[in-house]
Amino acid sequence: MRTYRLQQLADVTEGHILKDIMPGDYISYGGLAFEKPGARAHTNDGPGGIDYHVHEDCEAFLILQGTGEVEINKEHMYPVKTGDVVIIEPGEDHHLISSVEDPIVVVWCHAGPSRNKNQM
Numbered sequence: 001m002r003t004y005r006l007q008q009l010a011d012v013t014e015g016h017i018l019k020d021i022m023p024g025d026y027i028s029y030g031g032l033a034f035e036k037p038g039a040r041a042h043t044n045d046g047p048g049g050i051d052y053h054v055h056e057d058c059e060a061f062l063i064l065q066g067t068g069e070v071e072i073n074k075e076h077m078y079p080v081k082t083g084d085v086v087i088i089e090p091g092e093d094h095h096l097i098s099s100v101e102d103p104i105v106v107v108w109c110h111a112g113p114s115r116n117k118n119q120m
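Counting along the sequence shown from 1, when you hit position 62 you're at 62 in full-length UniProt numbering, and nothing is skipped either side.
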């Protein structure tokens, strides 16, 4: 896992806004999530309800509002807040945990070699 602040992102006029910190020519898929107070994303997501969530590529979280933590490999907890950009590395088991007091609003995305299927 790597973390940045929005202010650290390069002034990008071509390609995608995360191109200097995340591999892939295009944002290929993602979404916007309004997390519930105290929610832990991807709980019991794995096969057979196993509490395990990984990807073969990088995933970015852009924290638009709120506070919380990112859990990595069930061992490390990293605090996050509005303006943080978190890059999850391939193979890292990860869970975003929203605070009770100030729930997280997050954009999450993956980048890849081609555009999203809706843009083709």
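Cβ coordinates follow ideal geometry from the N, Cα and C atoms, glycine included.
What you are looking at is a predicted structure, and each value in this text was computed from that prediction instead of being measured.
- The alpha-carbon of V107 is positioned some 15 Å away from that of K36.
- The C-alpha of H55 lies about 17 Å from the C-alpha of Y26.
- A distance below 7 Å between beta-carbons, with the five flanking residues on each side excluded, links L32 to the following residues of its chain, in chain order: V107.
- In terms of Cβ geometry, F34 and V105 form a close pair [threshold 9 Å].
- In this structure, the straight-line span from the alpha carbon of L64 to that of S99 is close to 14 Å.
- For D84, the number of other beta carbons within 10 angstroms of its own is at least 16, and it is reported as buried.
- Here G24 carries a coil assignment [DSSP, helix/strand/coil].
- Taking C-beta separations shorter than 7 Å and ignoring five residues to either side along the sequence, the partners of P90 in its chain run H55, E56, D57, C58, following chain order.
- Take the alpha-carbon of I21 and the one of I50: they are about 30 Å apart.
- Spatial neighbours of L62 in its own chain (CB-CB distance under 6 Å, excluding positions within 5 residues in sequence) are listed in chain order as V85, V107.
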